[in-house]
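Protein chains: 2
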Amino acid sequence: MTSPTAADYSTVFDLPTPALVVDSAQLDRNLAALAAVRPGRRARPHVKAHKCTALASRQLAVGHDAFTCATPREVVGMAKAGLGADLLLANEVVDQRRLRELAELDARVTIAIDSKATIAAAATAGLKECLVDVNVGLPRAGCAPDTAGRLADAARTAGLTVRGVMGYEGHAVALVDRAERTAKTAESMELLARAHDLVGGEIISAGATGTFDCNALATEIQAGSYALMDTAYAELDIPFAPALTIRTTVISVSPDGDYAVADAGLKALGMDHGNPSLPGYQVWFCSDEHTTFSSESAALPEVGAAISIIPAHIDPTVAYHETIYVVAGDTVIEAWPVDLRGW
Amino acid sequence: MTSPTAADYSTVFDLPTPALVVDSAQLDRNLAALAAVRPGRRARPHVKAHKCTALASRQLAVGHDAFTCATPREVVGMAKAGLGADLLLANEVVDQRRLRELAELDARVTIAIDSKATIAAAATAGLKECLVDVNVGLPRAGCAPDTAGRLADAARTAGLTVRGVMGYEGHAVALVDRAERTAKTAESMELLARAHDLVGGEIISAGATGTFDCNALATEIQAGSYALMDTAYAELDIPFAPALTIRTTVISVSPDGDYAVADAGLKALGMDHGNPSLPGYQVWFCSDEHTTFSSESAALPEVGAAISIIPAHIDPTVAYHETIYVVAGDTVIEAWPVDLRGW
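Right, dumping it as structure tokens:
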């Protein structure tokens with residue numbers, strides 16, 4: 427099938443459901459809010475949250491020309507879309523075939539390393555630049571702060587330029603209380619600062635949407651979710667609001683009128699943060715292609731009615747979809763391919 | 427990007443990770459086990475579980491030429507792959523653009539209806555045949571059993587041929603105790619039988635992998651998961667075993683050796699049934715592109731090692747992937763596009 431274009435659907439009423447719908451004005455407000463606090467290279471927007479080069483181009487338009495990626499394919503797609511001024515693959519990769527593809531791109535590519543094996547893999551493939559990935563409290567990738575200097579030395583010996591350090595305070599980013607979030611972030615950044623002292627380099631890359639304005643150390647923030655947002659992050663006191671909904675159609679109403687069924691389910695929604703929200707309704711459960719819900723007060727919608735769903739977690743939601751429809755009010759103004767899916 | 431072929435990867439050691447890997451022999455055993463009990467039209471395999479026409483062709487090869495679909499795109503893809511002898515869209519759809527596309531296919535298409543609105547939508551679009559979808563206990567689509575006859579009359583008046591009824595005992599299919607599962611299924615099928623008495627027609631379509639051999643009423647079983655299986659269904663006493671794993675690469679091991687990280691996460695795994703399993707290891711948590719795990723006994727694998735993950739829920743897992751790699755031992759013998767994704 428060919429990719430849809432905005433010309434195929436003049437209004438939201440024409441859209442095939444389930445459909446990712448982004449409010450253009452709210453997206454712009456979110457992008458402006460980050461750029462106001464973290465202009466230019468002070469933010470390195472993470473494309474994993476939207477997997478969409480067209481959306482990345484809007485992030486470039488407000489001044490960010492350096493981007494964070496989570497997968498080799500995201501790096502390749504960004505480079506081929508002309509967005510490769512400074513791409514960080516903030517993840518460890520040892521696959522030589524894919525690392526060589528990255529090394530051959532017409533783009534500046536920096537990769538995370540946290541072990542001798544990942545240094546050797548990057549150097550062998552011909553990559554030129556790296557950051558030392560430091561564990562700052564979240565049990566995932568990253569070396570111990572005290573070993574970061576030795577790894578940096580090993581990377582330099584292997585021929586890599588070490589641009590600095592990165593560390594993700596993932597255990598802090600979603601804490602609703604700002605003081606607690608700030609304190610936990612500061613603890614993590616003490617570890618990252620210690621590592622940076624040992625490593626050197628001009629970059630201290632960290633953070634996320636939740637800590638963009640309370641991480642005092644990071645030279646750049648890897649914010650991703652801020653552009654589209656989700657119900658999990660919406661609980662925080664940050665100046666970003668949900669810009670994405672999933673437009674669905676009611677396909678069935680129960681005989682007794684106690685529930686209705688919308689045509690978006692487990693294959694249209696990342697479910698790791700739980701059920702999505704339907705403003706004004708109560709979600710009962712999701713099946714593969716359905717969400718069953720009831721009304722908190724008034725009557726249920728009729729079969730054929732449109733219902734907007736807000737996903738609980740934006741990243742794995744977008745990864746299920748082929749297209750983001752961008753709207754101004756009810757008018758579909760653009761159809762953006764979700765072109766960075768896969769690995 | 428072009429789709430990979432088996433020729434790109436001669437062995438599993440070459441595969442880009444995360445990769446869906448299907449054991450060809452186990453798949454064949456699963457297909458044979460269903461066909462032995464439910465030969466030919468006694469089963470209507472559900473393609474939503476694998477979204478792959480190449481896998482559907484294997485189901486055809488063991489005798490099933492009628493298939494169940496959950497989305498319009500699954501119907502279109504099956505028809506265009508020459509698998510359209512008898513396709514049931516076991517779901518309500520009111521979108522005229524997509525219904526008309528289904529009506530114009532070179533295929534036999536039957537659609538579920540459960541309301542006057544869905545009857546009108548199907549008839550207006552030019553579809554010819556339907557099943558009356560009956561609620562048999564799961565709060566999702568389906569009319570009340572007692573109104574099924576009136577809906578069938580309305581469908582006939584609108585020009586549709588009513589082939590019979592369908593009803594999904596979704597609240598029974600995963601009950602681990604066979605006696606309980608059988609009893610709950612029988613309760614549901616009493617409702618479906620009552621509806622069928624009012625509707626007529628030669629088809630009583632119901633069921634699932636979990637009830638394929640304990641649903642005494644259904645003329646055909648809509649089994650999907652049986653082909654590939656997952657950890658949820660693996661708890662049941664049914665003659666199917668997991669044929670699919672996700673091959674991953676270890677990309678990081680913690681400094682203290684207390685955990686390791688594999689390169690498959692929330693965007694490679696349907697998470698609604700919880701965390702995946704790593705035989706021999708304990709899963710801590712999944713992030714977007716990572717699974718953090720520890721070892722129950724022995725040492726952790728090294729960076730670069732391959733680890734196989736078994737997903738908790740097959741359907742939303744497969745929907746994230748572009749390709750299913752089919753293996754015999756370590757040899758990659760086929761690469762099947764997951765060509766029925768989306769809506």
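Going line by line, the protein sequences match chains Z and P. Per this note's numbering, residue 427 is the first one in the first sequence, and the count goes up by one each step. Per this note's numbering, residue 427 is the first one in the second sequence, and the count goes up by one each step. Yeah, the Cβ is synthetic: ideal placement off N, Cα and C, and Gly gets one too. What you are looking at is a predicted structure, and each value in this text was computed from that prediction instead of being measured.
The continuous stretches of alpha helix (DSSP H) do not include P665 (chain P), and DSSP gives it neither H nor E.
With respect to T717 (chain Z), F666 (chain Z) sits apart: the two C-beta atoms are not nearer than 8 Å. By the criterion of at least three beta-carbon pairs nearer than 8 Å, the stretch 543-551 of chain Z is not in contact with the stretch 590-597 of chain Z.
Residue pairing of T443 (chain Z) in beta bridges, as defined by DSSP: absent, with no partner found. With contacts defined as CB atoms closer than 8 Å, T645 (chain Z) and I630 (chain Z) qualify as a contacting pair. Along the stretch 474-501 of chain P, the positions whose C-beta sits under 7 Å from a C-beta of chain Z are K474, A496, T497, read in chain order. When DSSP assignments are scanned along the stretch 443-491 of chain P, the uninterrupted stretches of beta strand (DSSP E) that are 3 or more residues long and fall wholly within it turn out to be 445-449. With fewer than 16 other Cβ atoms from the protein chains shown falling within 10 Å of its own Cβ, D623 (chain P) counts as exposed.
Membership of M592 (chain Z) in the beta strand (DSSP E) is indicated by the continuous run 587-593. At least 8 Å separates the CB of T671 (chain Z) from every CB of chain P. Residues of the stretch 744-756 of chain Z that bring their beta carbon within less than 7 Å of a beta carbon in chain P comprise A745, Y746, E748, in sequence order. Around the beta carbon of G503 (chain P), a 10 Å sphere encloses 16 or more other beta carbons of the protein chains shown; the residue is thus reported as buried. For D623 (chain Z), the enclosing alpha helix (DSSP H) covers residues 604-625. Among the CB atoms of chain P, one or more fall inside 8 Å of the CB of D540 (chain Z). Runs of the alpha helix (DSSP H) lying entirely within the stretch 678-756 of chain Z, each at least 4 residues long, are 740-744 in chain order. In this structure, A738 (chain Z) keeps its C-beta atom at 8 Å or more from the C-beta atom of H472 (chain Z). For L557 (chain P), DSSP records a beta bridge to P:A538, P:G590. For L514 (chain Z), the enclosing beta strand (DSSP E) starts and ends at 512-515.
In the DSSP assignment, A581 (chain P) falls within the unbroken alpha helix (DSSP H) covering 574-583. Neighbours of C556 (chain P) in chain Z, taken as residues whose beta carbon is under 7 Å from its own, are absent, since the nearest beta carbon is some 14 Å off. Residues of chain Z with a Cβ closer than 8 Å to the Cβ of W762 (chain P) do not exist, since the nearest Cβ in that chain sits about 15 Å away. Membership of A529 (chain Z) in the alpha helix (DSSP H) is indicated by the continuous run 522-529. For A632 (chain P), no alpha helix (DSSP H) run applies; the uninterrupted beta strand (DSSP E) run containing it begins and ends at 629-632, by DSSP.
In summary, the residues of the stretch 683-700 of chain P whose CB is separated from some CB of chain Z by less than 7 Å are Y685, V687, L692, K693, G696, M697, D698, in the order they occur in the chain. Residue nearest to I733 (chain P) within the set P:P444, P:I664, P:A433, P:C569 is P:P444 (criterion: CA-CA distance). At a cut-off of 8 Å between beta-carbon atoms, D623 (chain P) makes no contact with chain Z. In terms of Cα proximity to A487 (chain P), the closest of P:R576, P:G466, P:A496 is P:G466.
In the DSSP assignment, P498 (chain Z) falls within the alpha helix (DSSP H) that extends over 498-506.
Straight across, the Cα-Cα distance linking G696 (chain Z) with M592 (chain Z) is about 27 Å. An exposed status is given to Q708 (chain Z), since fewer than 16 other beta-carbon atoms sit within 10 Å of its beta-carbon.
Using a CB distance below 9 Å, the part of the stretch 553-580 of chain P facing chain Z consists of D559, N561, L564, P565, R566, A567, G568, C569, A570, D572, T573, ordered along the chain. Taking CB atoms only, V758 (chain Z) has no neighbour in chain P less than 8 Å away.
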